[in-house]
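Chains as they are written, first to last, in our numbering: chain S, 127 to 240; chain L, 7 to 159.
For each residue, glycine too, the CB sits at the ideal point set by N, CA and C.
This one's a predicted model, so the numbers in the text were calculated from it and none came from an experiment.
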């Protein structure tokens, strides 16, 4: 996988984790189960460290997509972009594109094959 | 939702009867390897990164001897639950300092359709409050008897 895409996926996962920890209802549910969520500052620092690993163009594009759609990186499942559900050309999975960051031609979101 | 529904997200391939690792990060790595070996998941690096971040938020060792490493990630398409045990015990940084011998690892995609992920976590953490059940689960010889004990308990 393209190393920058790896960082983008990890960043989105981390942002989701932070968002859940800051959501009062979700955090309360987890605390009721016995989980301690005291390390939020550490997670935010880890998020900054991940962002610093991104090329500025990827970082800026990620932020624009996130602002527009809420999620910048979406999985491709069954040849469908799971952001807008449009068909992804089969050529996208060819060897020549293997190490590239690809975007949905319809919505522009960053594509990830899980 | 009940224990039977929770067990639909696991399988004999996702049952590690005796972990070799005794330290936290190594145990997470071993469980991630188990998950990759038993499912179509391939991105072990993303899984490990997410689980490590979750542990940094706060240790998931929340009951005497039991831990629930969990999280949501783009690297998976559906909820998977891996069960692992350790006879020697793992230092999973439990607040009471006890070693962890029983693990339920829950990995879900970002969208939690039907709230299966959070409900499964709630059912398992609740079940593991039962000390006798925890002890029985550590002694069951295989996956089928483990599941039977979990359903009976």
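Simplified DSSP assignment, three categories, for residue i
i, result
"residue 237 of chain S", "strand"
"residue 106 of chain L", "strand"
"residue 133 of chain S", "helix"
"residue 164 of chain S", "coil"
"residue 113 of chain L", "strand"
"residue 121 of chain L", "helix"
"residue 147 of chain S", "helix"
"residue 22 of chain L", "strand"
"residue 59 of chain L", "helix"
"residue 206 of chain S", "strand"
"residue 73 of chain L", "strand"
For residue i, the first and last residue of its enclosing alpha helix (DSSP H)
i, result
"residue 127 of chain S", "That residue, residue 127 of chain S, is in no alpha helix (DSSP H); it is neither H nor E in DSSP."
"residue 154 of chain S", "150–158"
"residue 40 of chain L", "30–44"
"residue 82 of chain L", "Per DSSP, residue 82 of chain L belongs to no alpha helix (DSSP H) and is neither H nor E."
"residue 8 of chain L", "Looking at the DSSP string, residue 8 of chain L is not in any alpha helix (DSSP H), and its letter there is neither H nor E."
Unbroken beta strand (DSSP E) run spanning residue i, endpoints
i, result
"residue 65 of chain L", "First-last for residue 65 of chain L: undefined, no H or E at that position."
"residue 201 of chain S", "199–203"
"residue 91 of chain L", "86–96"
"residue 184 of chain S", "Here residue 184 of chain S belongs to no beta strand (DSSP E); instead the alpha helix (DSSP H) covers 182–195."
Beta-carbon separation (whole angstroms), residue i vs residue j, contact threshold 8 Å
i, j, result
"residue 71 of chain L", "residue 17 of chain L", "That belief does not hold up - the Cβ atoms of residue 71 of chain L and residue 17 of chain L are roughly 24 Å apart, past 8 Å."
"residue 90 of chain L", "residue 40 of chain L", "7 Å"
"residue 75 of chain L", "residue 111 of chain L", "5 Å"
"residue 173 of chain S", "residue 137 of chain S", "7 Å"
"residue 175 of chain S", "residue 79 of chain L", "Going by Cβ atoms, the distance from residue 175 of chain S to residue 79 of chain L rounds to 18 Å, so no, they are not a contact pair."
"residue 147 of chain S", "residue 63 of chain L", "6 Å"
Proximity below 7 Å, CB of residue i to CB of residue j
i, j, result
"residue 156 of chain L", "residue 122 of chain L", "no"
"residue 160 of chain S", "residue 68 of chain L", "yes"
"residue 73 of chain L", "residue 98 of chain L", "yes"
"residue 38 of chain L", "residue 22 of chain L", "no"
"residue 135 of chain S", "residue 52 of chain L", "yes"
"residue 163 of chain S", "residue 153 of chain S", "yes"
"residue 28 of chain L", "residue 94 of chain L", "yes"
"residue 15 of chain L", "residue 87 of chain L", "yes"
"residue 33 of chain L", "residue 25 of chain L", "yes"
"residue 217 of chain S", "residue 232 of chain S", "no"
"residue 129 of chain L", "residue 12 of chain L", "yes"
"residue 235 of chain S", "residue 196 of chain S", "no"
"residue 83 of chain L", "residue 115 of chain L", "yes"
"residue 206 of chain S", "residue 198 of chain S", "no"
"residue 152 of chain L", "residue 144 of chain L", "no"
"residue 144 of chain S", "residue 169 of chain S", "yes"
Can you check the segment 132–156 of chain L for any alpha helix (DSSP H) of at least 4 residues that lies completely inside it and give the ranges in chain order? 137–145
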